[in-house]
Each structure stands twice: as structure tokens, then as C-alpha cells.
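Numbering-wise, the sequence shown is residues 247 to 378 according to our numbering. Backbone N, C-alpha and C define an ideal beta-carbon position, used for all residues, glycine too. The structure presented is a predicted model; accordingly, all values stated were derived computationally and were not measured.
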Amino acid sequence: MESDNKKMINEQMSNERTLLSWIRTGIGIMVFGFVIVKFSLFVNQLPASLFKDTDIPKNGFTIIIGIALVLTGALTIILSYWKYRRTYKRLQQGKYLYSTFLLTFLTIIIFLMSIIIITYIVIAAYPFNFSI
Numbered sequence: 247m248e249s250d251n252k253k254m255i256n257e258q259m260s261n262e263r264t265l266l267s268w269i270r271t272g273i274g275i276m277v278f279g280f281v282i283v284k285f286s287l288f289v290n291q292l293p294a295s296l297f298k299d300t301d302i303p304k305n306g307f308t309i310i311i312g313i314a315l316v317l318t319g320a321l322t323i324i325l326s327y328w329k330y331r332r333t334y335k336r337l338q339q340g341k342y343l344y345s346t347f348l349l350t351f352l353t354i355i356i357f358l359m360s361i362i363i364i365t366y367i368v369i370a371a372y373p374f375n376f377s378i
């Protein structure tokens with residue numbers, strides 16, 4: 247009986263550590279989005295004399311990317327708490343089933359955000375002339 251109790255405690259503590267890892271990940275994603283927005287605002291406040299030969303970059307799209315990343319981070323935190331609660335209940339019942347839905351969903355969202363950021367950086371760094 248003592249062994250079963252220790253096993254249950256270890257499983258619950260592991261569940262909590264997983265939640266805290268996901269929260270750290272969500273906060274990291276949110277911080278990255280915040281930095282993107284702040285850097286964009288900073289660049290737009292630089293004097294025009296620094297950009298004599300080029301156009302001053304506009305911040306509209308980077309603000310959208312930054313906000314999307316902050317929302318992705320918040321979504322990560324909310325979904326991780328939901329998964330924590332579900333896992334907690336299942337562990338209490340002794341019916342835990344491993345699921346990769348949350349991992350798959352967040353991986354796809356973060357991957358898509360990465361592609362959007364990479365595309366934006368490439369276009370901003372090398373403006374293409376799409377006219378024929």
C-alpha cells in the first residue's frame with residue numbers, strides 16, 4: 247500500500263512538473279512576441295536620418311506577429327492547465343491514457359508562426375519586385 251501511494255505521489259508530481267514546463271514555454275513564447283512588438287516600435291522611432299538611402303520599415307505586420315505570438319503563449323498556458331487537470335483526474339481514477347493531441351496542436355501552431363516570421367524576415371531583408 248505504501249508503494250502505491252509513493253507511485254501516485256510521483257505521478258502527480260511529474261504531472262505538476264510537466265505543467266510548469268509548459269507554463270515556462272508559454273511565457274517564453276509570449277516574451278518573444280512582446281520583444282518583436284517593442285523592437286518594431288523602437289525601429290519606427292529612430293530618426294529618419296539613419297535611413298537616408300532606404301525606406302523606414304513599417305511596423306504593422308510585426309505588431310500582428312507579436313500579438314499572435316503573445317496569444318499563442320497564452321493559449322499554450324491555458325491548454326497546458328487543461329491537460330494538467332485532465333491528467334490529474336485520470337491519475338486519481340487510475341485510468342491515465344497518454345495523449346499527444348496538445349503536443350501536436352501546439353507544435354503545428356508554433357511551426358506556422360515560425361514560418362510566418364521567417365517569411366516576413368526574408369521579405370523585409372530582401373524586398374522582392376514582383377512586377378514583371
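Can you check whether the CB of Val281 is closer than 8 Å to the CB of Ile313?
-> Within the sequence shown, the letter at position 67 stands for residue 313. Within the sequence shown, the letter at position 35 stands for residue 281. Not in contact: Ile313 and Val281 (Cβ atoms no closer than 8 Å).
C-alpha distance - Leu266 paired with Asn251, whole-angstrom precision | One-based indexing of the sequence shown puts residue 266 at position 20. One-based indexing of the sequence shown puts residue 251 at position 5. Rounded to the nearest angstrom, the two C-alpha atoms are 23 Å apart.
Looking only at its own chain, which residues have a Cβ that is under 7 Å from the Cβ of Ile309, when we skip the five neighbours before and after it?
-> By one-based count along the sequence shown, residue 309 stands at place 63. Closer than 7 Å at the Cβ level, and outside the excluded window around Ile309, lie Val283 and Ser286.
Helix, strand or coil for Ser329 per DSSP?
-> Start at 1 with the first residue of the sequence shown, and residue 329 comes out as number 83. According to the sequence shown, residue 329 is Lys rather than Ser. It is helical.
State yes or no: is the C-beta of Gly274 within less than 8 Å of the C-beta of Ile323?
-> Position 28 of the sequence shown, counting from 1, holds the residue named residue 274. Position 77 of the sequence shown, counting from 1, holds the residue named residue 323. Cβ atoms of Gly274 and Ile323: not closer than 8 Å.
Residue from Met359, Gln339 and Ser260 with nearest C-alpha to Tyr330 = The sequence position of residue 330 within the sequence shown is 84, counting from 1. Residue Ser260 is the option with its Cα nearest to Tyr330.
Do you know how far the Cα of Glu262 is from the Cα of Gln338?
-> Indexing the sequence shown from 1 puts residue 338 at position 92. Indexing the sequence shown from 1 puts residue 262 at position 16. Using only the alpha carbons, I get a separation of about 14 Å.
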